[in-house]
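Numbering (my numbering), first residue to last: 96 to 520.
Glycine included, each C-beta is placed from N, C-alpha and C at the ideal position.
Following: one structure in C-alpha coordinates, then a few remarks.
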(Lines of atoms letter the chains of each structure in order from A and count residues from 1; the text may use other names and numbers.)
(Lines give C-alpha, C1' and ligand atoms only; values in the text may rest on other atoms or scores of the structure.)
Protein backbone atom coordinates (compact mmCIF):
# COMPACT_ATOMS: atom_id res chain seq x y z
CA UNK A 1 0.00 0.00 0.00
CA UNK A 2 1.17 3.54 -0.86
CA UNK A 3 0.66 6.52 1.44
CA UNK A 4 -0.35 9.87 -0.12
CA UNK A 5 -0.32 13.13 1.81
CA UNK A 6 -2.62 15.96 0.75
CA UNK A 7 -0.52 19.17 0.29
CA UNK A 8 -3.49 21.33 1.37
CA UNK A 9 -4.96 19.69 4.46
CA UNK A 10 -2.06 17.39 5.32
CA UNK A 11 -4.32 14.30 5.54
CA UNK A 12 -2.60 10.97 4.82
CA UNK A 13 -4.52 8.16 3.16
CA UNK A 14 -3.50 4.83 1.64
CA UNK A 15 -4.18 3.41 -1.81
CA UNK A 16 -3.12 0.10 -3.36
CA UNK A 17 -0.65 -0.28 -6.22
CA UNK A 18 -3.26 0.03 -8.99
CA UNK A 19 -4.87 3.12 -7.45
CA UNK A 20 -1.50 4.74 -6.90
CA UNK A 21 -0.48 4.03 -10.52
CA UNK A 22 -3.76 5.52 -11.72
CA UNK A 23 -3.19 8.73 -9.73
CA UNK A 24 0.38 9.01 -11.03
CA UNK A 25 -0.87 8.49 -14.56
CA UNK A 26 -3.52 11.14 -13.99
CA UNK A 27 -0.88 13.69 -13.00
CA UNK A 28 1.34 12.64 -15.93
CA UNK A 29 -1.56 13.01 -18.40
CA UNK A 30 -2.31 16.51 -17.07
CA UNK A 31 1.32 17.47 -17.76
CA UNK A 32 1.00 15.87 -21.22
CA UNK A 33 -2.04 18.03 -22.10
CA UNK A 34 -0.25 21.13 -20.84
CA UNK A 35 2.77 20.26 -22.98
CA UNK A 36 0.54 19.78 -26.06
CA UNK A 37 -1.03 23.19 -25.55
CA UNK A 38 2.41 24.78 -25.19
CA UNK A 39 3.63 23.07 -28.36
CA UNK A 40 0.49 24.20 -30.20
CA UNK A 41 1.15 27.80 -29.21
CA UNK A 42 4.82 27.44 -30.17
CA UNK A 43 3.92 26.02 -33.63
CA UNK A 44 1.42 28.83 -34.25
CA UNK A 45 4.01 31.42 -33.21
CA UNK A 46 6.66 29.85 -35.47
CA UNK A 47 4.23 29.78 -38.42
CA UNK A 48 3.29 33.43 -37.89
CA UNK A 49 6.95 34.42 -37.73
CA UNK A 50 7.62 32.45 -40.94
CA UNK A 51 4.75 34.28 -42.73
CA UNK A 52 5.99 37.65 -41.49
CA UNK A 53 9.52 36.88 -42.66
CA UNK A 54 8.21 35.76 -46.07
CA UNK A 55 6.16 38.95 -46.43
CA UNK A 56 9.10 41.07 -45.41
CA UNK A 57 11.32 39.17 -47.82
CA UNK A 58 8.79 39.68 -50.66
CA UNK A 59 8.47 43.39 -49.94
CA UNK A 60 12.26 43.71 -49.84
CA UNK A 61 12.59 41.88 -53.15
CA UNK A 62 9.87 44.07 -54.69
CA UNK A 63 11.63 47.20 -53.49
CA UNK A 64 14.91 45.90 -54.97
CA UNK A 65 13.25 45.19 -58.33
CA UNK A 66 11.62 48.62 -58.38
CA UNK A 67 14.95 50.23 -57.50
CA UNK A 68 16.64 48.25 -60.27
CA UNK A 69 14.02 49.21 -62.82
CA UNK A 70 14.23 52.84 -61.78
CA UNK A 71 18.00 52.78 -62.25
CA UNK A 72 17.69 51.15 -65.65
CA UNK A 73 15.08 53.69 -66.76
CA UNK A 74 17.36 56.47 -65.78
CA UNK A 75 20.35 54.93 -67.60
CA UNK A 76 18.45 54.02 -70.77
CA UNK A 77 16.22 57.00 -71.67
CA UNK A 78 15.95 55.96 -75.38
CA UNK A 79 14.51 52.50 -74.56
CA UNK A 80 12.51 53.84 -71.68
CA UNK A 81 9.10 52.59 -72.68
CA UNK A 82 10.26 49.03 -73.51
CA UNK A 83 12.20 48.77 -70.31
CA UNK A 84 9.23 50.02 -68.36
CA UNK A 85 6.96 47.37 -69.84
CA UNK A 86 9.55 44.64 -69.24
CA UNK A 87 10.00 45.75 -65.65
CA UNK A 88 6.27 45.90 -65.07
CA UNK A 89 5.88 42.39 -66.50
CA UNK A 90 8.69 41.01 -64.34
CA UNK A 91 7.31 42.79 -61.30
CA UNK A 92 3.87 41.39 -61.96
CA UNK A 93 5.31 37.88 -62.43
CA UNK A 94 7.32 38.16 -59.26
CA UNK A 95 4.33 39.48 -57.36
CA UNK A 96 2.22 36.56 -58.61
CA UNK A 97 4.90 34.06 -57.53
CA UNK A 98 5.23 35.67 -54.13
CA UNK A 99 1.46 35.70 -53.69
CA UNK A 100 1.38 31.97 -54.50
CA UNK A 101 4.13 31.29 -51.95
CA UNK A 102 2.26 33.39 -49.41
CA UNK A 103 -0.94 31.43 -50.09
CA UNK A 104 0.98 28.16 -49.70
CA UNK A 105 2.43 29.34 -46.39
CA UNK A 106 -1.00 30.36 -45.15
CA UNK A 107 -2.42 26.99 -46.24
CA UNK A 108 0.40 25.18 -44.44
CA UNK A 109 -0.23 27.30 -41.34
CA UNK A 110 -3.94 26.45 -41.41
CA UNK A 111 -3.11 22.74 -41.96
CA UNK A 112 -0.68 22.78 -39.04
CA UNK A 113 -3.28 24.45 -36.86
CA UNK A 114 -5.85 21.83 -37.85
CA UNK A 115 -3.33 19.03 -37.14
CA UNK A 116 -2.57 20.53 -33.75
CA UNK A 117 -6.26 20.92 -32.97
CA UNK A 118 -6.87 17.33 -34.12
CA UNK A 119 -3.98 16.08 -31.92
CA UNK A 120 -5.35 18.00 -28.95
CA UNK A 121 -8.85 16.64 -29.58
CA UNK A 122 -7.51 13.08 -29.89
CA UNK A 123 -5.51 13.47 -26.67
CA UNK A 124 -8.56 14.83 -24.89
CA UNK A 125 -10.72 11.93 -26.10
CA UNK A 126 -8.06 9.43 -24.98
CA UNK A 127 -7.80 11.20 -21.64
CA UNK A 128 -11.58 11.12 -21.19
CA UNK A 129 -11.55 7.40 -21.94
CA UNK A 130 -8.76 6.90 -19.40
CA UNK A 131 -10.69 8.92 -16.81
CA UNK A 132 -13.75 6.73 -17.36
CA UNK A 133 -11.59 3.63 -17.04
CA UNK A 134 -10.02 5.04 -13.86
CA UNK A 135 -13.47 5.75 -12.45
CA UNK A 136 -14.63 2.23 -13.22
CA UNK A 137 -11.42 0.80 -11.74
CA UNK A 138 -11.94 2.77 -8.52
CA UNK A 139 -15.53 1.56 -8.26
CA UNK A 140 -14.38 -2.01 -8.92
CA UNK A 141 -11.64 -1.71 -6.27
CA UNK A 142 -14.16 -0.31 -3.81
CA UNK A 143 -16.62 -3.16 -4.47
CA UNK A 144 -13.81 -5.73 -4.23
CA UNK A 145 -12.63 -4.24 -0.93
CA UNK A 146 -16.17 -4.41 0.47
CA UNK A 147 -16.57 -8.06 -0.61
CA UNK A 148 -13.14 -9.02 0.73
CA UNK A 149 -13.89 -7.25 4.02
CA UNK A 150 -17.18 -9.08 4.44
CA UNK A 151 -15.61 -12.43 3.51
CA UNK A 152 -12.70 -11.85 5.90
CA UNK A 153 -15.08 -10.88 8.72
CA UNK A 154 -17.21 -13.99 8.16
CA UNK A 155 -14.12 -16.21 8.09
CA UNK A 156 -12.86 -14.50 11.26
CA UNK A 157 -16.15 -15.21 13.05
CA UNK A 158 -16.00 -18.88 11.98
CA UNK A 159 -12.36 -19.23 13.09
CA UNK A 160 -13.10 -17.52 16.39
CA UNK A 161 -16.05 -19.80 17.10
CA UNK A 162 -13.94 -22.85 16.23
CA UNK A 163 -11.12 -21.75 18.55
CA UNK A 164 -13.57 -21.14 21.39
CA UNK A 165 -14.98 -24.63 20.93
CA UNK A 166 -11.50 -26.16 20.94
CA UNK A 167 -10.48 -24.24 24.07
CA UNK A 168 -13.63 -25.35 25.89
CA UNK A 169 -13.08 -28.92 24.73
CA UNK A 170 -9.47 -29.11 25.95
CA UNK A 171 -10.30 -27.50 29.28
CA UNK A 172 -12.98 -30.09 29.89
CA UNK A 173 -10.71 -32.82 28.49
CA UNK A 174 -8.06 -32.04 31.08
CA UNK A 175 -10.21 -32.64 34.16
CA UNK A 176 -12.94 -34.95 32.82
CA UNK A 177 -11.43 -36.56 29.79
CA UNK A 178 -13.83 -38.95 27.98
CA UNK A 179 -16.24 -38.80 30.97
CA UNK A 180 -19.94 -37.93 30.64
CA UNK A 181 -21.07 -36.36 33.87
CA UNK A 182 -24.51 -35.08 32.82
CA UNK A 183 -27.16 -37.62 33.77
CA UNK A 184 -24.54 -40.38 34.35
CA UNK A 185 -22.78 -41.24 37.61
CA UNK A 186 -19.07 -41.81 37.88
CA UNK A 187 -19.67 -45.39 38.99
CA UNK A 188 -21.83 -46.14 35.96
CA UNK A 189 -19.21 -44.59 33.72
CA UNK A 190 -16.43 -46.82 35.09
CA UNK A 191 -18.63 -49.91 34.81
CA UNK A 192 -19.46 -49.06 31.21
CA UNK A 193 -15.80 -48.47 30.33
CA UNK A 194 -14.81 -51.80 31.81
CA UNK A 195 -17.62 -53.74 30.12
CA UNK A 196 -16.53 -52.38 26.75
CA UNK A 197 -13.29 -54.32 26.89
CA UNK A 198 -14.23 -57.11 29.30
CA UNK A 199 -14.78 -59.72 26.57
CA UNK A 200 -11.47 -59.03 24.83
CA UNK A 201 -9.03 -58.00 27.58
CA UNK A 202 -10.47 -59.37 30.84
CA UNK A 203 -12.29 -62.61 30.03
CA UNK A 204 -11.40 -64.20 33.37
CA UNK A 205 -12.02 -61.05 35.44
CA UNK A 206 -14.68 -60.25 38.03
CA UNK A 207 -15.77 -56.59 38.33
CA UNK A 208 -18.95 -56.01 40.32
CA UNK A 209 -20.43 -53.77 42.98
CA UNK A 210 -19.35 -54.45 46.56
CA UNK A 211 -22.64 -55.26 48.27
CA UNK A 212 -21.14 -56.92 51.35
CA UNK A 213 -21.65 -54.49 54.26
CA UNK A 214 -21.39 -57.09 57.07
CA UNK A 215 -18.27 -55.41 58.47
CA UNK A 216 -20.00 -52.06 58.69
CA UNK A 217 -18.65 -50.50 55.49
CA UNK A 218 -18.14 -51.38 51.84
CA UNK A 219 -16.39 -50.03 48.79
CA UNK A 220 -17.92 -49.33 45.39
CA UNK A 221 -16.42 -52.05 43.15
CA UNK A 222 -14.17 -55.08 43.52
CA UNK A 223 -11.96 -56.30 40.70
CA UNK A 224 -10.57 -59.84 40.75
CA UNK A 225 -8.84 -61.84 38.02
CA UNK A 226 -7.66 -65.44 38.06
CA UNK A 227 -5.74 -67.75 35.71
CA UNK A 228 -7.38 -70.59 33.81
CA UNK A 229 -6.38 -72.87 36.69
CA UNK A 230 -8.21 -70.64 39.20
CA UNK A 231 -5.17 -68.99 40.75
CA UNK A 232 -5.93 -65.38 41.64
CA UNK A 233 -3.70 -62.94 39.81
CA UNK A 234 -4.93 -59.55 40.92
CA UNK A 235 -7.52 -58.00 43.27
CA UNK A 236 -8.41 -54.30 43.58
CA UNK A 237 -10.85 -52.43 45.79
CA UNK A 238 -12.28 -49.38 43.93
CA UNK A 239 -13.87 -46.31 45.45
CA UNK A 240 -15.48 -43.69 43.12
CA UNK A 241 -15.92 -40.14 44.40
CA UNK A 242 -17.56 -37.18 42.74
CA UNK A 243 -19.63 -34.18 43.83
CA UNK A 244 -21.67 -31.51 42.12
CA UNK A 245 -20.16 -28.08 41.51
CA UNK A 246 -22.94 -26.55 43.61
CA UNK A 247 -22.00 -28.57 46.71
CA UNK A 248 -21.37 -26.15 49.57
CA UNK A 249 -18.90 -28.29 51.55
CA UNK A 250 -16.11 -29.54 49.30
CA UNK A 251 -14.44 -32.85 50.16
CA UNK A 252 -10.77 -33.69 49.77
CA UNK A 253 -9.39 -36.94 48.45
CA UNK A 254 -7.50 -37.55 51.68
CA UNK A 255 -10.83 -37.74 53.53
CA UNK A 256 -11.48 -41.18 51.99
CA UNK A 257 -8.04 -42.83 52.25
CA UNK A 258 -8.53 -44.42 55.67
CA UNK A 259 -11.95 -45.94 54.90
CA UNK A 260 -10.71 -47.23 51.54
CA UNK A 261 -7.71 -48.94 53.13
CA UNK A 262 -10.02 -50.54 55.72
CA UNK A 263 -12.33 -51.88 52.97
CA UNK A 264 -9.33 -53.27 51.06
CA UNK A 265 -8.05 -55.24 54.08
CA UNK A 266 -11.47 -56.49 55.11
CA UNK A 267 -12.31 -57.74 51.60
CA UNK A 268 -8.88 -59.28 51.10
CA UNK A 269 -7.86 -57.15 48.11
CA UNK A 270 -4.25 -56.53 47.20
CA UNK A 271 -4.61 -52.94 45.93
CA UNK A 272 -6.85 -49.96 46.74
CA UNK A 273 -7.71 -47.36 44.08
CA UNK A 274 -9.64 -44.10 44.52
CA UNK A 275 -11.23 -42.90 41.24
CA UNK A 276 -12.02 -39.25 41.90
CA UNK A 277 -13.17 -35.99 40.40
CA UNK A 278 -12.66 -34.12 43.66
CA UNK A 279 -10.18 -31.23 43.83
CA UNK A 280 -10.36 -30.61 40.06
CA UNK A 281 -7.73 -27.85 40.21
CA UNK A 282 -5.10 -29.91 42.02
CA UNK A 283 -1.90 -30.23 39.98
CA UNK A 284 -0.97 -33.35 41.95
CA UNK A 285 -4.07 -35.36 41.05
CA UNK A 286 -4.25 -33.96 37.50
CA UNK A 287 -0.72 -35.14 36.73
CA UNK A 288 -1.67 -38.83 36.25
CA UNK A 289 -1.50 -41.88 38.50
CA UNK A 290 -0.70 -40.78 42.07
CA UNK A 291 0.92 -43.30 44.38
CA UNK A 292 -0.11 -42.64 48.01
CA UNK A 293 1.45 -45.80 49.41
CA UNK A 294 3.51 -43.58 51.73
CA UNK A 295 0.21 -43.09 53.60
CA UNK A 296 -1.51 -46.44 53.03
CA UNK A 297 0.07 -49.50 51.41
CA UNK A 298 -0.67 -50.25 47.75
CA UNK A 299 -3.07 -47.34 47.33
CA UNK A 300 -3.39 -45.17 44.22
CA UNK A 301 -5.47 -42.09 43.30
CA UNK A 302 -6.48 -41.53 39.67
CA UNK A 303 -8.78 -39.52 37.45
CA UNK A 304 -11.46 -41.43 35.49
CA UNK A 305 -9.44 -41.33 32.25
CA UNK A 306 -6.75 -43.50 33.91
CA UNK A 307 -9.18 -46.16 35.17
CA UNK A 308 -8.49 -48.76 32.46
CA UNK A 309 -4.75 -47.94 32.08
CA UNK A 310 -4.11 -48.49 35.81
CA UNK A 311 -5.89 -51.87 35.78
CA UNK A 312 -3.75 -52.86 32.78
CA UNK A 313 -0.52 -51.79 34.50
CA UNK A 314 -1.30 -53.66 37.73
CA UNK A 315 -2.52 -56.69 35.79
CA UNK A 316 0.66 -56.90 33.69
CA UNK A 317 2.75 -56.61 36.82
CA UNK A 318 0.67 -59.33 38.47
CA UNK A 319 1.08 -61.65 35.48
CA UNK A 320 4.83 -61.20 35.79
CA UNK A 321 4.54 -62.00 39.50
CA UNK A 322 2.64 -65.22 38.68
CA UNK A 323 5.38 -66.27 36.36
CA UNK A 324 7.93 -65.58 39.03
CA UNK A 325 5.94 -67.53 41.58
CA UNK A 326 5.81 -70.49 39.20
CA UNK A 327 9.51 -70.20 38.65
CA UNK A 328 9.99 -70.08 42.42
CA UNK A 329 8.06 -73.32 42.83
CA UNK A 330 10.30 -75.00 40.25
CA UNK A 331 13.38 -73.63 41.95
CA UNK A 332 12.18 -74.84 45.36
CA UNK A 333 11.42 -78.27 43.91
CA UNK A 334 14.96 -78.40 42.57
CA UNK A 335 16.44 -77.29 45.92
CA UNK A 336 17.97 -74.12 44.41
CA UNK A 337 19.22 -71.50 46.79
CA UNK A 338 16.59 -69.03 47.92
CA UNK A 339 18.99 -66.20 47.06
CA UNK A 340 18.18 -66.54 43.35
CA UNK A 341 14.50 -66.12 44.15
CA UNK A 342 15.22 -62.94 46.11
CA UNK A 343 17.26 -61.58 43.20
CA UNK A 344 14.43 -62.35 40.78
CA UNK A 345 11.95 -60.69 43.07
CA UNK A 346 14.15 -57.61 43.37
CA UNK A 347 14.55 -57.52 39.61
CA UNK A 348 10.77 -57.77 39.23
CA UNK A 349 10.29 -54.92 41.68
CA UNK A 350 12.77 -52.75 39.83
CA UNK A 351 11.17 -53.47 36.46
CA UNK A 352 7.71 -52.91 37.87
CA UNK A 353 8.85 -49.63 39.40
CA UNK A 354 10.48 -48.63 36.09
CA UNK A 355 7.32 -49.42 34.14
CA UNK A 356 5.23 -47.50 36.61
CA UNK A 357 7.52 -44.44 36.52
CA UNK A 358 7.54 -44.45 32.72
CA UNK A 359 3.75 -44.73 32.57
CA UNK A 360 3.33 -41.98 35.16
CA UNK A 361 5.73 -39.71 33.28
CA UNK A 362 3.89 -40.27 29.99
CA UNK A 363 0.58 -39.40 31.61
CA UNK A 364 2.09 -36.24 33.06
CA UNK A 365 3.62 -35.35 29.67
CA UNK A 366 0.20 -35.81 28.06
CA UNK A 367 -1.38 -33.40 30.56
CA UNK A 368 1.42 -30.86 29.94
CA UNK A 369 0.85 -31.07 26.18
CA UNK A 370 -2.85 -30.41 26.73
CA UNK A 371 -1.98 -27.31 28.80
CA UNK A 372 0.34 -26.09 26.02
CA UNK A 373 -2.38 -26.62 23.44
CA UNK A 374 -4.85 -24.58 25.52
CA UNK A 375 -2.30 -21.74 25.83
CA UNK A 376 -1.56 -21.82 22.08
CA UNK A 377 -5.25 -21.73 21.19
CA UNK A 378 -5.81 -18.82 23.56
CA UNK A 379 -2.96 -16.90 21.86
CA UNK A 380 -4.49 -17.69 18.45
CA UNK A 381 -7.84 -16.35 19.67
CA UNK A 382 -6.18 -13.12 20.87
CA UNK A 383 -4.43 -12.74 17.48
CA UNK A 384 -7.71 -13.21 15.64
CA UNK A 385 -9.40 -10.61 17.86
CA UNK A 386 -6.56 -8.18 17.07
CA UNK A 387 -6.86 -8.87 13.32
CA UNK A 388 -10.58 -8.02 13.51
CA UNK A 389 -9.73 -4.43 14.50
CA UNK A 390 -7.26 -4.13 11.60
CA UNK A 391 -9.84 -5.48 9.18
CA UNK A 392 -12.37 -2.95 10.47
CA UNK A 393 -9.91 -0.05 9.98
CA UNK A 394 -9.04 -1.27 6.47
CA UNK A 395 -12.72 -1.56 5.60
CA UNK A 396 -13.40 1.99 6.92
CA UNK A 397 -10.59 3.38 4.75
CA UNK A 398 -11.94 1.53 1.72
CA UNK A 399 -15.42 2.93 2.44
CA UNK A 400 -14.03 6.49 2.63
CA UNK A 401 -12.17 6.18 -0.72
CA UNK A 402 -14.10 8.00 -3.48
CA UNK A 403 -13.59 9.90 -6.74
CA UNK A 404 -14.53 13.11 -4.98
CA UNK A 405 -11.83 12.59 -2.38
CA UNK A 406 -9.21 11.62 -4.99
CA UNK A 407 -9.91 14.79 -7.02
CA UNK A 408 -9.95 17.07 -3.98
CA UNK A 409 -7.83 20.22 -4.64
CA UNK A 410 -7.50 19.20 -8.31
CA UNK A 411 -9.57 21.64 -10.36
CA UNK A 412 -8.59 20.07 -13.68
CA UNK A 413 -9.84 16.60 -12.75
CA UNK A 414 -12.95 18.05 -11.08
CA UNK A 415 -13.75 19.93 -14.29
CA UNK A 416 -13.22 16.73 -16.31
CA UNK A 417 -15.54 14.71 -14.10
CA UNK A 418 -18.12 17.51 -14.14
CA UNK A 419 -17.98 17.52 -17.94
CA UNK A 420 -18.39 13.73 -17.96
CA UNK A 421 -21.44 13.96 -15.70
CA UNK A 422 -22.99 16.68 -17.93
CA UNK A 423 -22.38 14.55 -21.03
CA UNK A 424 -23.92 11.53 -19.27
CA UNK A 425 -27.03 13.57 -18.48
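Distance between residue 392 and residue 249, taken at the CA atoms: about 59 Å.
As computed with DSSP, residue 368 is found in a beta bridge with 333, 395. Between residue 305 and residue 314, the C-beta spacing is below 7 Å.
When the beta-carbon positions are compared, residue 330 and residue 364 come within less than 7 Å of each other. Between residue 292 and residue 303, the beta carbon gap of about 16 Å keeps them out of contact (Cβ cut-off 8 Å). Segment contact: the region 448-459 against the region 373-390, three or more CB-CB distances shorter than 8 Å; contact assigned.
A straight line joining the alpha-carbon of residue 199 with that of residue 235 spans about 53 Å. In this structure, residue 335 and residue 282 form a Cβ contact; the two beta carbons are roughly 5 Å apart against a cut-off of 8 Å. Between residue 290 and residue 321, the CB-CB gap reaches or exceeds 7 Å. Straight through space, the alpha carbons of residue 147 and residue 187 are spaced by roughly 21 Å. No Cβ-Cβ contact shorter than 7 Å links residue 247 with residue 480.
Between the C-alpha atoms of residue 138 and residue 128 there is a straight-line separation of about 15 Å. In this model, residue 253 and residue 213 are separated by some 59 Å (Cα to Cα).
Per DSSP, the unbroken beta strand (DSSP E) holding residue 302 starts and ends at 300-304. Counting only residues of its own chain and dropping the five nearest sequence neighbours on each side, residue 368 has a CB closer than 6 Å to the CB of 331, 333, 395. For residue 293, the uninterrupted alpha helix (DSSP H) run begins and ends at 281-296, by DSSP. Residue 398 and residue 328 do not touch by the CB rule: their CB atoms are close to 25 Å apart, not below 8 Å. The shortest C-alpha to C-alpha distance from residue 448 to any of 412, 426, 366 is the one to 412. With a threshold of 16 other beta carbon atoms within 10 Å, residue 239 falls short and is exposed. Counting along the chain, residue 320 sits inside the beta strand (DSSP E) bounded by residues 316-321. DSSP links residue 327 through a beta bridge to 321. If the five residues before and after residue 351 are omitted, its C-beta is found closer than 7 Å to the C-beta atoms of 334, 336, 369, all from its own chain and listed in chain order. Beta-carbon to beta-carbon, residue 323 and residue 347 are separated by about 42 Å, too far to satisfy the 8 Å threshold. DSSP places residue 158 within a helical segment (H, G or I) once states are collapsed to three. Residue environment: residue 508 is assigned as buried (16 or more neighbouring CB atoms within 10 Å of its CB, all protein chains considered). For residue 381, the enclosing alpha helix (DSSP H) begins and ends at 378-381.
Listed in chain order, the non-local C-beta contacts of residue 402 below 8 Å within the same chain comprise 285, 288, 289, 370, local neighbours out to five positions each way being set aside. According to the DSSP assignment, residue 350 belongs to no alpha helix (DSSP H), since it is labelled neither H nor E. Taken through DSSP and simplified to helix, strand or coil, residue 233 comes out as helix. Straight-line spacing of the CA atoms in residue 464 and residue 407 works out to 23 Å. Looking at the DSSP output, residue 385 bridges to 396.
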